[in-house]
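Have a look at the structure below before the remarks.
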Amino acid sequence: MMLRSVELEEMSGELIPLYESSFSDTEKIPLENIRRTIGRGGSLRAYYENDSLIGLTFGFIDDGKMFFVYFATVPEVRGKGYGSRILEMVRQEYSDCRIFLVVEPCDKLAPDYQLRVRRQEFYRRNGCADTGIKVISDDEWFDTMFVRGTLTEKEMVGLISLYEDIHNGRQ
Numbered sequence: 009m010m011l012r013s014v015e016l017e018e019m020s021g022e023l024i025p026l027y028e029s030s031f032s033d034t035e036k037i038p039l040e041n042i043r044r045t046i047g048r049g050g051s052l053r054a055y056y057e058n059d060s061l062i063g064l065t066f067g068f069i070d071d072g073k074m075f076f077v078y079f080a081t082v083p084e085v086r087g088k089g090y091g092s093r094i095l096e097m098v099r100q101e102y103s104d105c106r107i108f109l110v111v112e113p114c115d116k117l118a119p120d121y122q123l124r125v126r127r128q129e130f131y132r133r134n135g136c137a138d139t140g141i142k143v144i145s146d147d148e149w150f151d152t153m154f155v156r157g158t159l160t161e162k163e164m165v166g167l168i169s170l171y172e173d174i175h176n177g178r179q
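Residue numbers (this note's numbering): 9 to 179.
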């Protein structure tokens, strides 16, 4: 079957429960903050096979750099290759961007340690590279990975800061 993506102007409908259930409280921001970024660097996409929602992505883009903020697939398709396909589509759809993401560190004391390990392993299997750089996003520490191309720590921190200023209504 053919996967297709649709760029959206707001987080609504069936995307909301997927967003709410896919990310920890540490990772999530209020939906209003996501809405504030769309059209100002924020790019929200839904991925469908036929008319069935498969996943969502949300990134923040500025000057050829993309902070890949959220990526989720519906529970029923996890482990079936859809995530890999969507990640490859992101690389194609944003081929003019150098892309990085943040993931929660693999802290063995974290209650969701196994989930964190699985997430990082997924990204590595799909060609993402560990950067060795830790950054703060919305007051939490995260590990970073390159999805496409490379960025300096200064570039990543600058893009995260711009994203946070916009989504928090400071700009």
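Think of the CB as a built atom: it goes at the ideal place given N, C-alpha and C, for glycine as much as any other residue.
**Asked** What span of residues does the beta strand (DSSP E) with ARG106 cover, start to end?
**Response** 106-111
**Asked** Leaving out the 5 sequence neighbours to the left and right, which residues in its chain are closer than 6 Å to ASP173 when beta-carbon positions are compared?
**Response** Within the same chain, GLN179 come within 6 Å of ASP173 by CB-CB distance, once the 5 residues on both sides are set aside.
**Prompt:** What residue range is occupied by the uninterrupted alpha helix (DSSP H) comprising GLY49?
**Reply:** Premise fails: GLY49 is in no alpha helix (DSSP H) and is neither H nor E.
**Item:** Separation of GLU96 from SER103, as counted between CA atoms
**Value:** Each residue's alpha carbon lies about 10 Å from the other.
**Item:** From TYR55, LYS116, ASP147 and GLU163, residue whose alpha carbon lies closest to that of THR139
**Value:** GLU163
**Message:** Spatial neighbours of ILE168 within its chain, please: C-beta separation below 7 Å, excluding the five flanking residues on both sides.
**Reply:** These residues qualify, in order along the chain: PHE75, VAL143 and SER145.
**Message:** Quick check: VAL111 and TYR131, are their CB atoms within less than 8 Å of each other?
**Reply:** Yes, the pair counts as a contact, with Cβ atoms nearer than the cut-off.
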